[in-house]
Structures are given as structure tokens and as C-alpha cells.
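Numbering (our numbering), first residue to last: 5 to 112.
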């Protein structure tokens, strides 16, 4: 898991900060993943719907670059809920290139 604790509040500035300061770190972490089922979960701070487009685009682009490794993004400030997402994704090996906002509900 790559946890990004702080991004600017506006979507354009947040996207610029992610790409300028975190994109290479994410790529490095993907390269260091081992094993047949390589996956990276990028944890971002919660944000409103105005951030959804850039976050989904980042998830999709990183997943394409990383294939066959998987990459997903989650917008969540709660460590327990983030771990719940990570556990869910470990059981869903076909899920990649997705952005899950904090209000995403796991099927129960």
C-alpha cells in the first residue's frame, strides 16, 4: 500500500501534486513488487466527486503500465476501512485500474 496523506483541496492542484510528487514513487513501488499476484493499492485522502475523474484516470493509466500487476486507488481517511478494501482486493484478482471513493460499499 502506498499512502498519500496530504493533497491540495482543489482537484486540479491535487492532480498536479500527485503527478509531480507521487507518480514516480508509485511506479517504483510497482517495480519492487514480487510474486505472481503483484498489486499496489494507493491510498489517497478522501475527496468529493470533483476529484473522481483525475483519480480514475491515474488508476487506469498506472494499471495499464503495470500489467500484469494490478493497481487501484482508494480515497479514504480511515486506516481500518482502507485495510478492508485491501482485503477485498486480495480476493478479487481481476480488479485493477479502479478508483474507489470512501463511500464505496463492499457487497455484503
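For every residue, glycine included, the Cβ atom is placed at its ideal position computed from N, Cα and C.
Taking C-alpha positions only, residue 69 is separated from residue 45 by approximately 15 Å.
Within the same chain, Cβ atoms closer than 7 Å to the Cβ of residue 41 are found at 97, the five residues on either side in sequence being excluded. Residue range 15–21 is occupied by the alpha helix (DSSP H) that includes residue 15, with no beta strand (DSSP E) assigned at that position. In this chain, the beta strand (DSSP E) harbouring residue 74 covers 74–79.
Where residue 46 is concerned, there is no enclosing alpha helix (DSSP H), although the beta strand (DSSP E) around it starts and stops at 43–48. Assigned with DSSP and collapsed to three states, residue 6 falls in strand. Distances from the alpha-carbon of residue 17 to those of 54, 33, 83, 72 put 54 closest. In this structure, the alpha-carbon of residue 75 lies about 13 Å from that of residue 48.
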